[in-house]
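*Asks:*
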DNA sequence: GGCAAACATTGATGAACGTCAATATCGGGG
DNA sequence: CCCCGATATTGACGTTCATCAATGTTTGCC
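Here you go:
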């Protein structure tokens, strides 16, 4: 849970001069972890709602209703997105506000283009 | 098996003037399907190998060894990537050659940036 | 201090997934 | 025509995942 897959410097498993720069196993695992977090329609909607929310942030109570999910399920999805380095959680009082990690979506997109 | 999630024109579920343009349920499902195909380290490595292969294409026999998977498993992963609209399959003789669908990775990246 | 609201965690359950062994299909050569 | 090599399909098995109900934890307020 302490890893931030999006921030890794793209190291290769092989040594020396890479003849064919195809993805190594470790790197592939890290990148797949990011896409795993994105591979759920409800999590995509969560990201979309947070992104288009006024002020760029939303609390759990704002996210439960439009998704038609229970509060524990929404909390679970948000945790996955936070662990993947896509969302940032800030607790203010009783509420937990979630916002997009700046540049995280662009970095994830970069993982795709620079495969 | 006939759907091509990547080629959809991003229609919204709501009607009329979209007050908050957050992702609809149907659109979220289609996009999640693409990321589901990308949410496996071995499939990412398959895409990477095909992309960096000479001529931009590779057959199954070229893909089985570097992934340390059995041939049926590699075929299974390739089918998922083809169904997601990311890979193109062309059968020449006994061999099946796989190549990246032009622009598919960029479109997938676009799904992320334009959430 | 104690209650209520917001959020997180736990446990359980059914579905989806990745993998392999075995088998089937298809194409080329002798 | 039959065999062989390359790929696809099927069936089974263990794991992971999404979801919910129930409960725990923290914070603000009276």
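Residue numbers (this note's numbering), protein chains in the order written: chain A, 143 to 257; chain B, 143 to 257.
Ideal Cβ positions, reconstructed from N, Cα and C, are used throughout, including at glycine.
Please list the terminal residues of the continuous beta strand (DSSP E) segment that includes residue 238 of chain B.
*Replies:* As a first step, residue 238 of chain B must be located in the second chain, where it is residue number 96. Here the beta strand (DSSP E) through residue 238 of chain B covers 237-242.
*Asks:* What does residue 250 of chain B touch in chain A if you count any residue whose Cβ is under 7 Å from its own?
*Replies:* Position 108 of the second chain holds residue 250 of chain B. The answer, in chain order, is 254.
*Asks:* Determine the burial state of residue 184 of chain A: buried for a count of at least 16 other Cβ atoms within 10 Å of its Cβ, exposed for fewer.
*Replies:* As a working note, residue 184 of chain A is residue 42 in the first chain. Classification for residue 184 of chain A: buried.
*Asks:* Please decide whether residue 217 of chain A counts as near chain B, where near means a Cβ-Cβ distance under 9 Å.
*Replies:* Residue numbering aside, residue 217 of chain A sits at position 75 when the first chain is read from its first letter. Chain B, which has no Cβ nearer than 9 Å to the Cβ of residue 217 of chain A, makes this no.
*Asks:* Looking only at its own chain, which residues have a Cβ that is under 8 Å from the Cβ of residue 186 of chain A, when we skip the five neighbours before and after it?
*Replies:* As a working note, residue 186 of chain A is residue 44 in the first chain. The residues are 180.
*Asks:* Comparing the C-beta of residue 241 of chain A with each C-beta of chain B, is any distance below 9 Å?
*Replies:* Position 99 of the first chain, counted from the start, is the residue given in the question as residue 241 of chain A. It does not; no Cβ of chain B falls within 9 Å.
*Asks:* Just to confirm, is the Cβ distance from residue 201 of chain A to residue 240 of chain A under 9 Å?
*Replies:* Counting from 1 along the first chain, the entry for residue 201 of chain A is found at position 59. Counting from 1 along the first chain, the entry for residue 240 of chain A is found at position 98. The answer is yes: Cβ separation under 9 Å.
*Asks:* Would you tell me roughly how many angstroms separate the C-alpha atoms of residue 259 of chain A and residue 167 of chain B, rounded to the nearest one?
*Replies:* This structure gives no information on residue 259 of chain A, because the portion of chain A shown stretches from 143 to 257.
*Asks:* For residue 196 of chain A and residue 207 of chain A, I'd like the C-alpha separation in whole angstroms.
*Replies:* Working through the first chain from its first residue, we reach residue 196 of chain A at position 54. Working through the first chain from its first residue, we reach residue 207 of chain A at position 65. Rounded to the nearest angstrom, the two C-alpha atoms are 17 Å apart.
*Asks:* So that I know if they touch, is there some Cβ in chain B lying closer than 9 Å to that of residue 165 of chain A?
*Replies:* Position 23 of the first chain, counting from 1, holds the residue named residue 165 of chain A. Yes, because at least one Cβ of chain B sits closer than 9 Å to the Cβ of residue 165 of chain A.
*Asks:* Do you know whose CA, among B:165, B:244, B:171, B:163, lies nearest residue 199 of chain B's CA?
*Replies:* Numbered from its first residue, the second chain carries residue 199 of chain B at position 57. Residue B:244 is the option with its Cα nearest to residue 199 of chain B.
*Asks:* Which residues of the stretch 170-186 of chain B have a Cβ closer than 9 Å to any Cβ of chain A? Give them in chain order.
*Replies:* For the stretch 170-186 of chain B, which is checked against every Cβ of chain A, the residues closer than 9 Å are 170, 171, 172, 173, 174, 175, 176, 177, 178, 179, 180, 181, 182, 183, 184, 185, 186.
*Asks:* Which ranges would you report for the beta strand (DSSP E) in the stretch 161-218 of chain B if only whole runs of at least 3 residues count?
*Replies:* The stretch 161-218 of chain B contains these whole beta strand (DSSP E) runs: 199-201.
*Asks:* Compute the Euclidean distance between the alpha carbons of residue 230 of chain A and residue 256 of chain B, then round it to the nearest angstrom.
*Replies:* Taking the first chain and counting its residues from 1, one reaches residue 230 of chain A at position 88. Taking the second chain and counting its residues from 1, one reaches residue 256 of chain B at position 114. The alpha-carbon atoms of residue 230 of chain A and residue 256 of chain B are separated by roughly 19 Å.
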